[in-house]
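Position in the sequence shown (from 1) plus 1 gives the number in my numbering. We put the CB at the ideal spot given by N, CA and C, even for glycine. In what follows, a structure is listed as structure tokens, so that the remarks can point back to it.
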Amino acid sequence: MKILKENLSNIIVCIFELCVGILLLMDPVEFTVGIVAGAGVILIIVGLINVIKYFCTDPSEAAYGQFLFKGLLAALVGIFCMVRGEWFVSSIPILTILYALAILAAGLGKIQWTVDMIRMRRIGWHFTAISAALSIACSAVIMVNPFGSDIVLWRFTAIVLILEAVFDIVILICSKRKDGEIGLPKTEEAEA
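Right under this line is the structure:
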């Protein structure tokens with residue numbers, strides 16, 4: 002139980018990466034269309050809330066806030082996302098770039114973790130350094146897209162997410178302290 006409490010955010014991120022990677026690997030187009038449709042539902046809800054807010058607010062305040070305009074626009078974009086989600090996948094290759102940027106952000110976070118471990122003279126920092134380098138390298142490959150097919154790029158992105166999640170779980174396990182706790186290892190000076 003203590004392991005979960007101390008590493009809950011890391012575990013949630015690993016599970017999320019693993020799920021996204023598996024879903025992308027199974028069917029990248031349908032998964033992305035599902036994400037776009039989900040965003041569409043959220044936009045429709047936000048739109049309806051703004052329209053209701055417009056009619057429930059004082060007329061001068063409602064006019065100033067442009068709630069009706071914002072609500073109608075959000076609802077229309079939401080409907081488009083739900084009805085034509087495939088358009089985003091075929092017309093906007095930026096979605097793979099967004100996945101790559103998420104992987105890059107994770108790599109940059111791992112650089113912070115690595116440097117923190119080195120500065121605190123903790124053992125096991127090389128695991129996070131390797132993970133950071135792999136994340137950044139894979140992110141660069143996704144952004145450059147040396148593959149001839151978008152499907153291959155989607156599959157590569159999925160495999161990268163799965164491997165990152167597995168590697169992060171291994172890091173959590175390998176950074177086990179001598180006293181049985183999971184987390185950043187103690188320094189040798191602190192143990193003496």
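query                                                                                                                                                              : result
Taking D28 as the reference, give the member of I43, I170, D151, A141 with the closest Cα.                                                                         : D151
Thinking C-beta only, is G86 closer than 8 angstroms to L49?                                                                                                       : no
Helix, strand or coil for P147? Go by DSSP, reduced to three states.                                                                                               : coil
From V34 to L102, what does the alpha carbon distance come to, in whole angstroms?                                                                                 : 19 angstroms
Near F17, which residues of its chain fall below 7 angstroms by C-beta distance, leaving aside the five closest residues on each side in sequence?                 : none
Quick check on D180: buried or exposed, where buried means 16 or more other Cβ atoms within 10 Å of its Cβ?                                                        : Low confidence applies here, because D180 scores a pLDDT of 38, under 50, leaving its location unreliable and the question unanswered by this model.
Just to confirm the assignment, what range does the alpha helix (DSSP H) spanning G48 have?                                                                        : 29-57
Rounded to whole angstroms, what's the CA-CA distance from S91 to S140? Just pull it up for me.                                                                    : 21 angstroms
In this structure, does DSSP put Q67 in helix, strand or coil?                                                                                                     : coil
Mapping DSSP to helix, strand and coil, what is G125?                                                                                                              : coil
Let me confirm a value: S61 is counted as buried when at least 16 other C-beta atoms fall within 10 Å, else exposed. Which label applies?                          : exposed
Who are the near neighbours of A159 in its chain, counting only those whose CB is closer than 7 angstroms to its CB and skipping five residues on each side?       : G22, L25, L26, P29
On a Cα-Cα basis, can you pick out the residue from Y100, S10, I36, I45 that is closest to I163?                                                                   : Y100
Tell me the DSSP secondary structure of R85 in three-state form.                                                                                                   : coil
Spell out a yes or no on whether the stretch 31-45 and the stretch 77-84 are touching, meaning 3 or more CB-CB pairs, one atom from each, closer than 8 angstroms. : yes
Give the C-beta separation of N146 and L154 to the nearest angstrom, bearing in mind that I take them to be a contact with Cβ-Cβ under 8 angstroms.                : 5 angstroms
Do K54 and F70 count as a contact pair if the criterion is CB distance below 8 angstroms?                                                                          : no
Tell whether a beta-carbon distance below 8 angstroms holds between I174 and S132.                                                                                 : no
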